[in-house]
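Visitor: Chains as they are written, first to last, in the numbering used here: chain A, 2 to 109; chain B, 51 to 165.
Even for Gly, the Cβ is constructed at its ideal location relative to N, Cα and C.
Structure below; questions to follow.
Dropping the structure here:
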């Protein structure tokens, strides 16, 4: 079993819709959870971090964490074409363990 | 200020050759990480430095891979007797501290192609 698993993509959503991304992790002791955005040919860019159960909102992005279910999600509201990218879920102790990523395409 | 820089941006080499990949972290960042990203996959941890010492090299795939950080700043990832399976993007990241909470900033990566 991989340490971090993400829902398979690609995910295509119309402009203005909500994109929902899911991630599960295997290490129950994990404390820190991150969502990175990676444009094609570029390096990962941190967009959200979450450390405690519940929701965390930042602009159009909301991260949700449920440690009991070992589940992390990311919602992108009012999706824009510029949100088209691969989204990587990562779990961290000191090193990051990444999922394989979900590619999101926002259709104009 | 300047971000993490990596050189070269692209490296094409032949099977069996030796390559060096360089990472220059953000000034003042004591923690430095190397990751490898294959096509369609997320980055995979290789090695982590705290200062000059390799604190965790458990991700290095075999003894052909080695990394150094002699002065606690610039790091070099060295690959001997390259194989076609080594082709990937090698990413370097740095952070102020090696804990669960300090953001890791990624460099642009070096794309290694082994022919």
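Determine the direct distance from the alpha carbon of residue 97 of chain B to that of residue 132 of chain B, and round the result to whole angstroms.
Guide: Translated into the one-based positions of the second chain, residue 132 of chain B becomes position 82. Translated into the one-based positions of the second chain, residue 97 of chain B becomes position 47. Spanning the two alpha carbons is a distance of roughly 18 angstroms.
Visitor: Mapping the DSSP letters down to three states, classify residue 82 of chain A as helix, strand or coil.
Guide: For the purposes of this step, residue 82 of chain A is identified with residue 81 of the first chain, where counting begins at 1. Correct three-state label for residue 82 of chain A: helix.
Visitor: Which residues in chain B sit within 7 angstroms of residue 66 of chain A, going by Cβ to Cβ distance?
Guide: Taking the first residue of the first chain as position 1, residue 66 of chain A is located at position 65. Per Cβ cutoff of 7 angstroms: no residues; residue 66 of chain A is ~14 angstroms from chain B at best.
Visitor: What residues from chain A crowd round residue 98 of chain B, counting only those whose CB sits closer than 9 angstroms?
Guide: Along the second chain, read from residue 1 onward, the residue named residue 98 of chain B stands at position 48. Under the 9 angstroms cutoff, chain A gives 95 and 96.
Visitor: Which partner residues of residue 54 of chain B appear in the DSSP bridge assignment?
Guide: As a first step, residue 54 of chain B is located in the second chain; it is residue number 4 there, counting from the start. Its beta-bridge partners do not exist; DSSP assigns none.
Visitor: Assuming residue 60 of chain B is part of the beta strand (DSSP E), what are its boundary residues?
Guide: Here residue 60 of chain B refers to the residue found at position 10 of the second chain. It spans 60-63 - the beta strand (DSSP E) in which residue 60 of chain B sits, taken as one unbroken run.
Visitor: Using 8 angstroms as the threshold, is the segment 20-29 of chain A in touch with the segment 90-104 of chain A, meaning 3 or more CB pairs across them?
Guide: Touching, yes, given that three or more Cβ pairs across the two stretches are closer than 8 angstroms.
Visitor: Identify, in the order they occur along the chain, each residue of the same chain with its Cβ nearer than 6 angstroms to the Cβ of residue 75 of chain A, setting aside the five sequence neighbours on each side.
Guide: Within the first chain, numbered from 1, the residue matching residue 75 of chain A stands at position 74. Contacts found: 22, 36 and 64.
Visitor: Would a C-beta distance cut-off of 7 angstroms place residue 73 of chain B and residue 100 of chain B closer than the cut-off?
Guide: As a position in the second chain, residue 73 of chain B is number 23, starting the count at 1. As a position in the second chain, residue 100 of chain B is number 50, starting the count at 1. Cβ distance not < 7 angstroms, so residue 73 of chain B and residue 100 of chain B don't count as in contact.
Visitor: Sort out for me which residues DSSP pairs residue 23 of chain A with in a bridge.
Guide: In the first chain, residue 23 of chain A corresponds to position 22, counting from 1. In DSSP, residue 23 of chain A forms a bridge with A:74.
Visitor: Name the DSSP beta bridge partners of residue 128 of chain B, please?
Guide: Working through the second chain from its first residue, we reach residue 128 of chain B at position 78. Bridge partners of residue 128 of chain B: B:70 and B:116.
Visitor: Please list, in chain order, the chain A residues whose beta carbon lies closer than 7 angstroms to that of residue 154 of chain B.
Guide: On the second chain, position 104 is the one that residue 154 of chain B refers to. Result: 97.
Visitor: With distances taken between CB atoms, is the gap from residue 6 of chain A to residue 102 of chain A smaller than 7 angstroms?
Guide: The residue given as residue 6 of chain A occupies position 5 in the first chain. The residue given as residue 102 of chain A occupies position 101 in the first chain. Contact flag unset, no.
Visitor: For a cutoff of 7 angstroms on Cβ pairs, would you count residue 95 of chain B as touching chain A?
Guide: Taking the second chain and counting its residues from 1, one reaches residue 95 of chain B at position 45. Closer than 7 angstroms: yes.
Visitor: Between residue 91 of chain B and chain A, is any beta-carbon pair separated by less than 7 angstroms?
Guide: For the purposes of this step, residue 91 of chain B is taken as the residue at position 41 of the second chain. Output row for residue 91 of chain B: interface = yes.
Visitor: Looking at the structure shown, is residue 90 of chain B part of a helix, part of a strand, or coil, going by DSSP?
Guide: Locating residue 90 of chain B in the second chain gives position 40, where the first residue counts as 1. Here residue 90 of chain B sits in coil by DSSP.
Visitor: Kindly list, in the order they appear in chain A, the residues whose Cβ is closer than 7 angstroms to that of residue 159 of chain B.
Guide: Within the second chain, residue 159 of chain B is the residue found at index 109, counting from 1. Simply 44.
Visitor: Please return the same chain residues whose Cβ sits closer than 8 angstroms to the Cβ of residue 39 of chain A, not counting the five positions on each side in sequence.
Guide: For this step, residue 39 of chain A is matched to residue 38 along the first chain. For residue 39 of chain A, where only same-chain residues beyond five positions count, the Cβ hits under 8 angstroms are 45, 46, 86, 87, 88, 89 and 102.
Visitor: Note down the Cα distance separating residue 18 of chain A from residue 82 of chain A, rounded to an integer number of angstroms.
Guide: For the purposes of this step, residue 18 of chain A is taken as residue 17 along the first chain, with counting starting at 1. For the purposes of this step, residue 82 of chain A is taken as residue 81 along the first chain, with counting starting at 1. Rounded to the nearest angstrom, the two C-alpha atoms are 11 angstroms apart.
Visitor: Any C-beta of chain A sitting closer than 7 angstroms to the C-beta of residue 162 of chain B?
Guide: Within the second chain, the letter at position 112 stands for residue 162 of chain B. No, residue 162 of chain B does not count as interfacial toward chain A.
Visitor: Let me check understanding here. Comparing Cα to Cα, which of B:108, B:69 and B:58 lies closest to residue 164 of chain B?
Guide: As a first step, residue 164 of chain B must be located in the second chain, where it is residue number 114. Among B:108, B:69 and B:58, the Cα nearest to that of residue 164 of chain B is on B:69.
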